[in-house]
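Numbering (our numbering), first residue to last: 1315 to 1918. For reference, the structure discussed in these notes is given below.
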């Protein structure tokens, strides 16, 4: 029975456990026939099916020298009556477990409930909720304002605005739930003398409402983010120079199609590595769920959520939904924190997958050009300091020995050393294009896409790519469009910045770091900001690890609450997490094939 139903109770001084009198038939009730009607057989039986003894703590009165919070109001008994037609009651005894056992032996429930006046708590909760709403509006306004500035005259995508709005709502409500449930866990389970009691309603309607909005908003946000990640504009800039005069076709329609004789395998290798890391995460969902189940079910820490004001009492029993959510979140966060601590150590001293990918781009002499907005994106500089990267083993070893001996310039766009860079990145940059550059890129990209799509239709291949062409003229057109984009990005975007030197490459200010605001300087060329925080990971799963972890936690808690079984919740969470990963991997590969025209056959 909920707190809201208390006002509907009718107080009585007396009660009965069963009633077999008022449900009897009355015979000879016709007027004039008899003045003394006779009671016949029982037609309806009533009994007390649910009894709850409520004991309420008193409030402390500050005006008195006594602490009234240790005192109790006179308890009262809440009774709900059930009734049954007598003809449906079996006349003979029924064995235990029989289908109609409850028809003869109905279930009677009795429990004792300790409660307190929570008016002050709900008042504070309302203030907290208002503050959360104000925080949501401020954060969402800042996000939209900064992204609107970054897009200049381009209008904001509705999907981006919707993802920001849903993410803001989900994040604020999630942390609000943690605070609310954490309050009950700390002040109820850790109290030495009982002065704080839980709400009677379990699960409370307010908890269910906030939790439902939170999980729906977070699920929709992740779905939109994955969709946006799978549709970013992507191109691999190959800096390798031809070793001979190149290849020339003598077809009548494409004599001008003279392409440099450069191997494509390095770009294919980089594309495969990008396809591999785009669905990877810092944490392992299998490891997380396994150890969460170990703590909660194996060691019985799930029973920390029983409504007993004792933190060391792990005896089994019914649990409180709010406490259960906090206990699951607490152990989930513990396992996540252990994994992140281990990964931070290995990334710092052993191997960082993002740094490894950038280093591999340097070895392959291939840069990565990413656009996640009309004029905003990221540039991963992969231009090698060696003359060529497509060389034999001996030449490669000689080149790397010369680099390790300090006989070659430093790696990076400006080729500055660690002393000059002062810890800033010279390989990864946040990028802002001009409208002219974006328009030119779109024009050439549309030509390449048009050729790729026509080739795909002609071959019936859904993967796309340069190898999808059936006719030599189509091959020439696609390859020429690919080569022109590669040359355009080299000569019109990257090399002008590189020629102006390090002074034209900015280090993000505190405002840009805190709010993500775009640079105020406007020029005719692209602008690069050193991506010291590796924001480019935001276009793959590595950059949304926290959002994915919160989503997994919400799914685990939701399905656990719905089924009442933590193993069922973990199983469904496992299926959802791996399904999302497979969708991201499949659609990500399709986007690489579509945007770079590297045939999907080469994406392993």
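Every residue gets a Cβ at the ideal spot worked out from N, C-alpha and C, and that includes glycine. Quick caveat, the model's predicted, so the values are computed rather than measured.
*Along the chain, where does the alpha helix (DSSP H) that runs through residue 1473 open and close?*
Element bounds for residue 1473: 1472-1498.
_Cβ neighbour criterion (16 or more within 10 Å) applied to residue 1776_ = Low confidence applies here, because residue 1776 scores a pLDDT of 48, under 50, leaving its location unreliable; read the following figure in that light. Burial call: exposed.
_For residue 1545 and residue 1869, I'd like the C-alpha separation in whole angstroms._
Near 26 Å, if we compare the C-alpha coordinates of residue 1869 and residue 1545.
_What does the alpha-carbon distance come out to for the pair residue 1612 and residue 1618?_
Each residue's Cα considered, the two are about 13 Å apart.
_Classification of residue 1329 by the beta-carbon crowding that lies within 10 angstroms, buried from 16 upward_ = Note on residue 1329: under 16 other CB atoms within 10 angstroms of its CB, so exposed under the neighbour-count rule.
*Distance, Cα to Cα, residue 1554 vs residue 1578?*
In a straight line, the C-alpha of residue 1554 is about 10 Å away from that of residue 1578.
*Sheet register partners of residue 1577 (DSSP bridge)*: According to DSSP, residue pairing for residue 1577 in a beta bridge does not occur.
*So who's on the other strand from residue 1856, going by DSSP bridges?*
Here residue 1856 is not bridged, per DSSP, to any residue.
*Does the Cβ-Cβ distance between residue 1692 and residue 1754 come in under 8 Å?*
Cβ distance not < 8 Å, so residue 1692 and residue 1754 don't count as in contact.
*Which residues in the same chain as residue 1865 place their Cβ atom closer than 6 Å to its Cβ, once the five residues preceding and following it in sequence are excluded?*
Within the same chain, residue 1865 has close Cβ partners 1532, 1536.
*If you pair each beta-carbon of the region 1393-1404 with each one of the region 1363-1378, do three or more pairs fall below 8 Å?*
Judged by Cβ distances under 8 Å, the region 1393-1404 makes contact with the region 1363-1378, as three or more pairs qualify.
*Counted within 10 angstroms of its Cβ, other Cβ atoms place residue 1529 as buried (16 or more) or exposed*: With 16 or more Cβ atoms within 10 Å of its Cβ, residue 1529 is classed as buried.
*Where the beta strand (DSSP E) through residue 1904 begins and ends*: Per DSSP, residue 1904 belongs to no beta strand (DSSP E); it is in the alpha helix (DSSP H), 1880-1910.
*Could you round the C-beta distance between residue 1850 and residue 1694 to whole angstroms and report it? I think they count as a contact, below 8 Å.*
With a beta-carbon spacing of about 7 Å, residue 1850 and residue 1694 fall inside the 8 Å limit used to define contacts.
*Do you know whose CA, among 1380, 1356, 1419, lies nearest residue 1401's CA?*
When the alpha-carbon of residue 1401 is set against those of 1380, 1356, 1419, the nearest one is in 1356.
*Which ranges would you report for the beta strand (DSSP E) in the region 1676-1749 if only whole runs of at least 3 residues count?*
Correct list: 1680-1685, 1690-1694, 1742-1746.
*C-beta contact flag for residue 1896 and residue 1595 at 8 Å*: Taking 8 Å as the Cβ cut-off, residue 1896 and residue 1595 do not qualify as a contacting pair.
*With C-beta atoms as the reference, is residue 1916 less than 8 Å away from residue 1591?*
No, the Cβ-Cβ distance between residue 1916 and residue 1591 is not below 8 Å.
*Quick one: Cα of residue 1791 to Cα of residue 1606, how far?*
Each residue's alpha carbon lies about 55 Å from the other.
_Inter-stretch contact (C-beta, 8 Å, three-pair minimum) for the region 1515-1529 and the region 1484-1494_ = Short answer: they touch.
*asked:* Between which two residues does the alpha helix (DSSP H) holding residue 1543 run?
replied: In the DSSP annotation of this structure, the continuous segment of the alpha helix (DSSP H) that includes residue 1543 starts and ends at 1519-1543.
*Nearest candidate by alpha-carbon position, reference residue 1635, set 1625, 1913, 1480, 1494*: Checked all of 1625, 1913, 1480, 1494; the closest Cα to residue 1635 is 1494.
*How is residue 1598 classed by DSSP in three states: helix, strand or coil?*
If DSSP states are grouped into helix, strand and coil, residue 1598 belongs with coil.
*Quick one: is residue 1707 buried, meaning 16 or more other Cβ sit within 10 Å of its Cβ, or exposed?*
Residue environment analysis places residue 1707 among the exposed positions, since fewer than 16 neighbouring C-beta atoms fall within 10 angstroms of its C-beta.
*Rounded to a whole number of angstroms, what is the C-alpha to C-alpha distance between residue 1600 and residue 1871?*
The alpha-carbon atoms of residue 1600 and residue 1871 are separated by roughly 16 Å.
*For residue 1874 versus residue 1642, is the C-beta spacing smaller than 8 Å?*
Going by C-beta atoms, residue 1874 is nearer than 8 Å to residue 1642.
*Just how far apart, CA to CA, sit residue 1886 and residue 1629?*
Distance between the alpha carbons of residue 1886 and residue 1629 is about 27 Å.
*Report all residues from its chain with a CB closer than 6 Å to the CB of residue 1279; omit the five preceding and five following residues, and keep chain order.*
Outside the shown range of the chain (1315 to 1918) lies residue 1279, about which nothing can therefore be said.
*Span of the beta strand (DSSP E) holding residue 1361?*
1358-1370 is the span of the beta strand (DSSP E), which, as asked, contains residue 1361.
*Where do the N-terminal and C-terminal ends of the beta strand (DSSP E) with residue 1395 fall, by residue?*
Note, residue 1395: beta strand (DSSP E), 1390-1399.
_Assigned secondary structure, residue 1450 (DSSP; H/G/I helix, E/B strand, else coil)_ = Residue 1450: helix per DSSP, three-state reduction.
*What is the DSSP secondary structure of residue 1842, counted as helix, strand or coil?*
Secondary structure of residue 1842 (DSSP, three-state): strand.
*asked:* In whole angstroms, give me the CA-to-CA distance for residue 1567 and residue 1907.
replied: Unreliable positioning characterises residue 1567 in this predicted model, as indicated by a pLDDT of 47, which lies under 50. The coordinate reading is nonetheless provided below. If you take the alpha carbons of residue 1567 and residue 1907, they lie about 27 Å apart.
*Going by Cα to Cα distance, which pick from 1650, 1620, 1375 is closest to residue 1312?*
The structure shown does not extend to residue 1312, since the chain spans only 1315 to 1918, so no value can be given for it.
*How long is the line joining the alpha carbons of residue 1430 and residue 1386, rounded to whole angstroms?*
Their Cα atoms are separated by approximately 9 Å.
*Buried or exposed (CB count within 10 angstroms, at least 16 for buried), residue 1914*: Buried, because 16 or more other Cβ atoms sit within 10 Å of the Cβ of residue 1914.
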